[in-house]
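Shown next, in structure tokens, is the structure this report addresses.
Numbering (full-length UniProt numbering), first residue to last: 1 to 129.
Here's what the structure looks like:
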């Protein structure tokens, strides 16, 4: 699962009304409410977007290196011809590279994945090892 950094801590919950886009750093105002009946493994809090205070786009060509990626069932997958990394879509410059990674998914292996920012929220997988 992808997470955000909130007040110096990792935050994994969904923020209702907010859709993350690759290549952007956001400052958000979020409302926190108690959930009276959370499921057994869910947070007792619900988060709702109040406002996006700032949205800063990364420079084109920035590389995102993600270490220690465990290849589980939902880490890398394809749906209707589109590739996804932890539910976030990505593109491939080299289809063979993406297919080889996709074929290793659900193996439990650990890899390092590198994406390159192409602009407008689009990232390309450029390497993995």
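The C-beta atom is built at its ideal place from N, Cα and C for all residues, glycine as well.
Range covered by the alpha helix (DSSP H) that runs through residue i
i           : result
residue 103 : 95 to 104
Residue i - containing beta strand (DSSP E), residue span
i           : result
residue 67  : 63 to 70
residue 24  : 24 to 34
residue 115 : 110 to 119
Burial state of residue i, where buried means 16 or more other Cβ atoms lie within 10 Å
i           : result
residue 11  : exposed
residue 123 : buried
residue 20  : exposed
residue 125 : buried
residue 75  : buried
Length of the line joining the Cα atoms of residue i and residue j
i          : j           : result
residue 91 : residue 53  : 29 angstroms
residue 43 : residue 8   : 19 angstroms
residue 99 : residue 106 : 13 angstroms
residue 56 : residue 73  : 32 angstroms
residue 67 : residue 50  : 32 angstroms
residue 80 : residue 96  : 18 angstroms
residue 16 : residue 48  : 5 angstroms
residue 94 : residue 77  : 16 angstroms
Proximity below 9 angstroms, CB of residue i to CB of residue j
i           : j           : result
residue 102 : residue 113 : no
residue 28  : residue 119 : no
Close Cβ partners of residue i (< 6 angstroms) along its chain, the five nearest in sequence each way excluded
i          : result
residue 46 : 33 and 35
Cutoff 8 angstroms; reference residue i; Cβ partners in own chain excluding five residues on either side
i           : result
residue 111 : 69, 71, 101, 104, 128 and 129
residue 121 : 21, 22, 23 and 24
residue 109 : 70 and 71
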